[in-house]
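Since the structure comes first, as structure tokens, the remarks are kept for the end.
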Amino acid sequence: MAFSDTGDGGASEAPLPSETILLVEDEPAVRALFAVALRQAGYQVLEARNGTEALAVFAEAREEIRLLLTDIRMPYLGGTELAAKLLKEKPELRLLYISGYPTRLELGPNSALLQKPFVRADLLRAVRDMLDRPIVSA
């Protein structure tokens, strides 16, 4: 299982109403767990099943989305390819990759990797850390 609901589950600060996350995960059960945890923490969550679907969601809500939370390995369009496309349109977008596989990923200054398995508190902490991190120009 990629996610466990153990741990304190709290984030250090309550999210701001404007904090919208684009969650991209091809496994429905995993996506649902992540979405519930994020919504319970007060975030607005837009969901997509794959990178191709995420492009359409992003086109509709580009200005609101502050963080891309994406699995790396997905059919059609993987997380790193998706991130590259979205960063061309919104360079200030923060990226939080999730993966259940060992991966070598060159992370930019506005991105991080959360390795599965992890607990709810780890997810919420990583999201909060990314949203609080100042944007660094490339």
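The opening residue of the sequence shown carries number -7 in the numbering used here; numbering runs sequentially from there.
All C-beta atoms in this analysis are idealised placements derived from N, C-alpha and C, irrespective of residue type, glycine included.
As the structure is a prediction and not an experimental result, all values here were calculated from the model.
task: Starting from the C-beta of A40, find all residues in its chain whose C-beta is less than 6 Å away, skip the five residues before and the five after it, and write them out in chain order.
output: For the purposes of this step, residue 40 is taken as residue 48 along the sequence shown, with counting starting at 1. The residues are V16, A46 and V49.
Go to V37, then tell me how far its beta strand (DSSP E) extends in each direction, as first and last residue.
Indexing the sequence shown from 1 puts residue 37 at position 45. Its beta strand (DSSP E) spans residues Q36 to A40.
| task | Inspect the beta-carbon positions of A138 and L116 and report whether they are closer than 8 Å. | result | Given a span of -7 to 130 for the chain in the structure shown, any question on residue 138 remains unanswerable.
Worksheet item: Does I13 get closer than 8 Å to chain B when you measure Cβ to Cβ?
Response: Among the protein chains of the structure shown there is no chain B, as only one such chain exists.
Considering Cα atoms alone, identify which of I127, D124, Y35 and I64 is closest to Y93.
To locate residue 93, count along the sequence shown from 1; it is residue 101. Nearest option by C-alpha distance: I64.
Next item on the list: Starting from V128, trace the beta strand (DSSP E) both ways and give me its first and last residue.
Entry: Here residue 128 corresponds to residue number 136 of the sequence shown, with the count starting at 1. Careful: V128 lies outside any beta strand (DSSP E) and carries neither H nor E.
My assumption, with CB atoms under 8 Å, is that L30 sits in contact with I13. Please give the rounded CB distance. Stepping through the sequence shown from its first residue, residue 30 is reached at position 38. Stepping through the sequence shown from its first residue, residue 13 is reached at position 21. Confirmed, about 6 Å.
Quick one: what's got a C-beta closer than 7 Å to M122's C-beta in the same chain, skipping five residues either side?
For the purposes of this step, residue 122 is taken as the residue at position 130 of the sequence shown. Answer for M122: L59, R86, L88 and A104, listed in chain order.
Note to self: Quick check: D102 and L69, are their CB atoms within less than 8 Å of each other?
What the structure shows: Residue mapping note: residue 102 aligns to position 110 of the sequence shown, counting from 1. Residue mapping note: residue 69 aligns to position 77 of the sequence shown, counting from 1. What sits at residue 102 in the sequence shown is Asn, not Asp. No, Cβ-Cβ distance for N102 and L69 is not below 8 Å.
Query raised in the report: Under 8 Å, do I90 and K108 count as touching if we go by C-beta distance?
Result: As a position in the sequence shown, residue 90 is number 98, starting the count at 1. As a position in the sequence shown, residue 108 is number 116, starting the count at 1. Cβ atoms of I90 and K108: closer than 8 Å.
Thinking C-beta only, is Q36 closer than 8 Å to E11? Here residue 11 refers to the residue found at position 19 of the sequence shown. Here residue 36 refers to the residue found at position 44 of the sequence shown. Yes, these two residues count as a Cβ contact at 8 Å.
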